[in-house]
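For reference, the structure discussed in these notes is given below.
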Amino acid sequence: MSTRLRGRPELYTSYGQEMSLLNTRAKALGVLAILAVAVYLPMGMEDDLLRVLNTGLVFAIGAIGLNLLTGYAGQVSLGHAFFIGVGAYTAAALSGDPDGRYIGFGITNPLIWVPAAGLVAAACGLLIAPLATRLRGLYLAIVTLGLVFIGQYFFIEWRSLSGGAQVGREAATPILFGADLTRAGAFSEEQKLFWFFLVLLVIFAVLARNIARSKIGRAFAAIRDRDIAAGVMGVELSRYKLIAFGLSSFYAGVAGSLMFVASGTLGPEQFGLLLSVQFIAMVLIGGVATISGAIMGAMLIAMLPRIASELPHYLPFLSRSPIDSPNIFEFELIAYGALIVAFLLFEPRGLFGIWLRIRTYWKSFPFSY
Amino acid sequence: MNEFLTATGQGMGNGAVYALLALGFVIIYKSMSVISFAQPAFMMSGAVLVSHLTGRIGFVAAVVVGTIAIALVALVVERVAIRPMVGKAVFVIAIITIGIDIVVRTVAGAFVGVNQLLLGDPWGLKVVTVGGVQLQERHIAAILAAAVVVTVLFLFFRYTRIGLAMRAASLDQEAAMAQGVSIGTVFAVSWALAGGLAALAGVFAASGNAFDQSLWMVALVALPVIILGGLDSLGGAVLGGLIIGIVESVVRTYHSTWFPFLDTNTGGIAPYIVMLLVLLVRPHGLFGTKEVERV
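As they're listed, the protein sequences go chains U and V. All residue numbers for the first sequence refer to this note's numbering, where the first residue is 2 and numbers rise by one. All residue numbers for the second sequence refer to this note's numbering, where the first residue is 4 and numbers rise by one.
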């Protein structure tokens with residue numbers, strides 16, 4: 002049945018063939034090449050650049066989660082920061098020192114605290130979902146925005162967990178198979194964390210891609226495109242919205258548990274509206290309803306602070322000090338906003354759309370269509 | 004009792020600010036069914052602009068110039084970033100307004116810097132005591148200003164050509180176009196109105212104490228207000244603003260009596276809790292139109 006003809010990469014003879022993850026030879030080779038480069042990257046890169054990429058890998062997991070909810074299922078959420086916070090505090094509490102100042106259980110194995118952080122965040126997501134599934138569109142955006150404020154209040158208030166405002170607590174420590182990933186040994190901290198995050202990102206990206214091309218993903222797309230039509234066709238709206246919320250919160254929790262591993266501390270101020278907007282920006286800049294797009298967007302947003310800090314070399318009027326104005330931090334914020342607006346106006350499919358355009362150009366070369 | 008009345012008066016003062024902001028949200032929502040998240044930025048830039056102008060041309064003139072200037076900024080924003088997106092999904096436009104908000108707010112914030120700014124308003128923290136109830140002058144001023152604005156808006160929507168056109172367009176866009184209403188003008192005027200209202204709200208929100216870059220957070224309280232009042236009801240925005248303002252202020256005053264086990268004041272999140280309750284019980288708010296789905 003599913004034979005392939007040589008030299009006809011676009012000819013599919015079965016549905017399964019077309020829907021497979023790596024449906025063309027070029028894609029299979031490309032993914033392999035990217036993975037090989039990614040695995041080798043820490044060997045040939047400076048640690049400070051690697052730290053930026055590490056942030057990007059963690060952001061990517063969170064962005065994939067938001068993309069499942071906002072991109073695939075079409076439910077705009079500004080509350081991602083709250084679920085990231087839940088994940089971060091769950092992980093920090095699980096791996097914290099039992100005799101320390103804050104809640105801690107001493108479970109330092111990330112194979113336990115990463116899924117646990119995801120599950121607790123997912124449970125919070127499911128708690129809120131019944132309210133959220135009753136609402137659509139902009140109402141949902143406003144509710145989730147309120148969630149960020151209420152969540153931040155509880156993070157600040159619960160001092161034995163979070164340390165309180167302006168104080169913070171230590172983040173989760175990853176001790177995998179007896180080796181502390183945040184201590185330099187045979188490999189540096191950044192290298193070990195990079196490989197660890199990379200493995201997790203690949204697992205979660207493939208998982209999300211599989212969800213997106215399964216029954217659940219098709220139901221999400223139907224709800225996004227026209228929820229009434231989807232309901233008429235027999236898609237259970239509230240059930241699938243619940244699933245979308247749970248999944249997205251799970252990813253957010255996982256991302257949250259990893260986000261502060263490198264820096265070692267976290268404070269309740271970090272889970273504000275800006276973090277949510279950053280994740281929205283990642284999804285929109287990368288490409289709505291694409292996994293690879295979410296990863297690209299996350300990488301770009303993670304690199305922005307680094308790009309901004311390099312800019313004063315070229316633009317001498319930009320200051321590095323937050324006291325002067327214009328400074329690099331203002332530039333960074335304006336870049337978020339301007340990128341969101343520019344991509345939505347000129348390239349709604351995001352970075353992934355740009356890639357598609359390049360690909361189509363070469364695929365149909367020398368013809369323009 | 005006096006404590007309660009004082010809190011209520013303060014809440015009404017804050018509520019007037021929320022009402023002005025909420026009116027802007029509602030006017031934009033009525034004209035293009037989009038919630039503009041750019042209002043906080045317009046509000047903050049209004050306050051910043053007025054505080055920079057006051058020293059040169061006096062407070063009243065600064066408020067007038069600042070309001071008109073921010074209305075013009077909103078007009079430009081609508082023309083450049085929003086108009087090309089008309090007809091696209093509303094949440095896309097809403098997210099564009101988030102992007103605009105960040106840009107405008109950061110630019111306005113650059114003029115604040117790390118210091119605090121003084122608005123230069125004539126009221127300061129002066130207090131009038133009426134029968135044991137303390138009222139801040141700036142709150143009285145805010146309530147009066149809101150009353151004037153609401154009256155003017157009412158007359159505007161009732162008697163002017165463009166006001167009538169805006170009401171017609173919000174009722175049925177295509178029918179209004181068939182009658183010769185220019186929808187582009189309606190969009191432009193609604194954004195300008197919303198920008199001006201936000202700037203005016205910013206002036207009263209920033210009056211009294213010195214203000215810093217976190218001033219914009221005040222504008223987000225307008226979101227619970229429009230949920231409570233109804234997304235498409237101007238009257239709802241005013242009443243909702245006052246209710247939310249009073250609830251917030253009363254909870255803030257009685258926090259230590261009601262919630263002795265919580266250290267952080269709950270006044271700040273009270274509006275959002277009210278919002279969640281309203282959405283559970285009556286999603287379309289007090290005066291909003293119930294959403295009817297037609298296939």
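Built from N, CA and C at the ideal position, the CB exists for glycine as well.
{"Check": "Chain-ordered neighbours of G198(V) on chain U, where CB pairs are closer than 8 Å", "Outcome": "Residues of chain U passing the Cβ test: none, with the nearest at roughly 17 Å."}
{"Check": "Residues within the segment 257–283 of chain V neighbouring chain U, beta-carbon criterion of under 9 Å", "Outcome": "L265, D266, T267, T269, G271, I272, P274, Y275, I276, M278, L279, L282, L283"}
{"Check": "Rounded Cβ spacing between G243(V) and A25(V) (contact assumed at less than 8 Å)", "Outcome": "6 Å"}
{"Check": "Rounded straight-line distance, which links the Cα of H287(V) to that of E294(V)", "Outcome": "7 Å"}
{"Check": "Cross-chain neighbours of A97(V) in chain U, by beta carbon under 8 Å", "Outcome": "V77, L139, A142"}
{"Check": "Interface partners of F150(U) on chain V, CB under 7 Å", "Outcome": "I272, Y275"}
{"Check": "Status (buried if at least 16 other CB within 10 Å, exposed otherwise) for L265(V)", "Outcome": "exposed"}
{"Check": "Beta-carbon spacing of G105(U), A123(U) below 8 Å", "Outcome": "no"}
{"Check": "Buried versus exposed call for L12(U) [16 or more other C-beta atoms within 10 Å across all chains shown]", "Outcome": "exposed"}
{"Check": "7 Å Cβ shell around G239(V) - same chain, five flanking residues per side excluded", "Outcome": "G232, G233, G288, L289, F290, G291"}
{"Check": "Partner residues on chain V for G17(U), Cβ-Cβ distance less than 9 Å", "Outcome": "Residues of chain V passing the Cβ test: none, with the nearest at roughly 32 Å."}
{"Check": "Validate contact between the segment 81–93 of chain U and the segment 264–277 of chain U using beta carbons, cut 8 Å, 3 pairs", "Outcome": "yes"}
{"Check": "Simplified DSSP assignment, three categories, for I324(U)", "Outcome": "coil"}
{"Check": "Same chain only: Cβ atoms within 8 Å of G272(U), ignoring 5 sequence neighbours per side", "Outcome": "Inspection of the sequence shows that residue 272(U) is occupied by Phe rather than by Gly. Answer for F272(U): A82, F83, I85, G86, A89, V149, G152, Q153, F156, listed in chain order."}
{"Check": "Helix, strand or coil at Q18(U) [DSSP, three-state]", "Outcome": "helix"}
{"Check": "Neighbour flag for R214(U) against chain V, beta carbons, 8 Å", "Outcome": "no"}
{"Check": "Beta-carbon contacts of L283(V) that lie in its chain and below 6 Å, excluding the five residues immediately before and after", "Outcome": "none"}
{"Check": "Residues from the segment 331–346 of chain U in contact with chain V, defined by Cβ distance under 7 Å", "Outcome": "E331, L334, I335, Y337, G338, A339, I341, V342, L345, L346"}
{"Check": "Cutoff 8 Å: L226(V) Cβ touching any chain U Cβ", "Outcome": "yes"}
{"Check": "I244(U) beta carbon less than 8 Å from that of I224(U)", "Outcome": "no"}
{"Check": "First and last residue of the uninterrupted beta strand (DSSP E) at L138(V)", "Outcome": "136–139"}
{"Check": "Rounded distance between the beta-carbons of L56(V) and I73(V), thought under 8 Å", "Outcome": "Their Cβ separation, rounded to whole angstroms, is 12 Å, which puts I73(V) and L56(V) out of contact at 8 Å."}
{"Check": "Within chain U, partners of I230(V) - CB distance below 7 Å", "Outcome": "I143"}
{"Check": "Proximal residues of chain U, C-beta to C-beta of V117(V) below 8 Å", "Outcome": "P323, I324"}
{"Check": "Beta-carbon spacing of I143(U), I230(V) below 8 Å", "Outcome": "yes"}
{"Check": "Beta-carbon neighbours of T109(V), restricted to chain U and to distances below 8 Å", "Outcome": "E331, L334, I335, G338"}
{"Check": "8 Å contact criterion, which G102(V) and G338(U) should meet: CB distance rounded", "Outcome": "4 Å"}
{"Check": "Any chain U beta carbon closer than 8 Å to I105(V)", "Outcome": "yes"}
{"Check": "Close beta carbons around A44(V), own chain, < 6 Å, minus the five adjacent residues each side", "Outcome": "D104, V107, R108"}
{"Check": "Under 8 Å from the C-beta of V93(V): neighbouring residues of chain U", "Outcome": "G138, L139"}
{"Check": "Among E171(U), N110(U), A222(U), F251(U), nearest to L208(U) - alpha-carbon criterion", "Outcome": "F251(U)"}
{"Check": "At least 3 beta-carbon pairs within less than 8 Å: the segment 59–67 of chain U vs the segment 294–314 of chain U", "Outcome": "yes"}
{"Check": "Cutoff 8 Å: P87(V) Cβ touching any chain U Cβ", "Outcome": "yes"}
{"Check": "E333(U) (DSSP reduced to helix, strand or coil)", "Outcome": "helix"}
{"Check": "Strand pairing of E171(U), partner residues [DSSP]", "Outcome": "T266(U)"}
{"Check": "Beta-carbon gap between G107(U) and P116(U) smaller than 8 Å", "Outcome": "no"}
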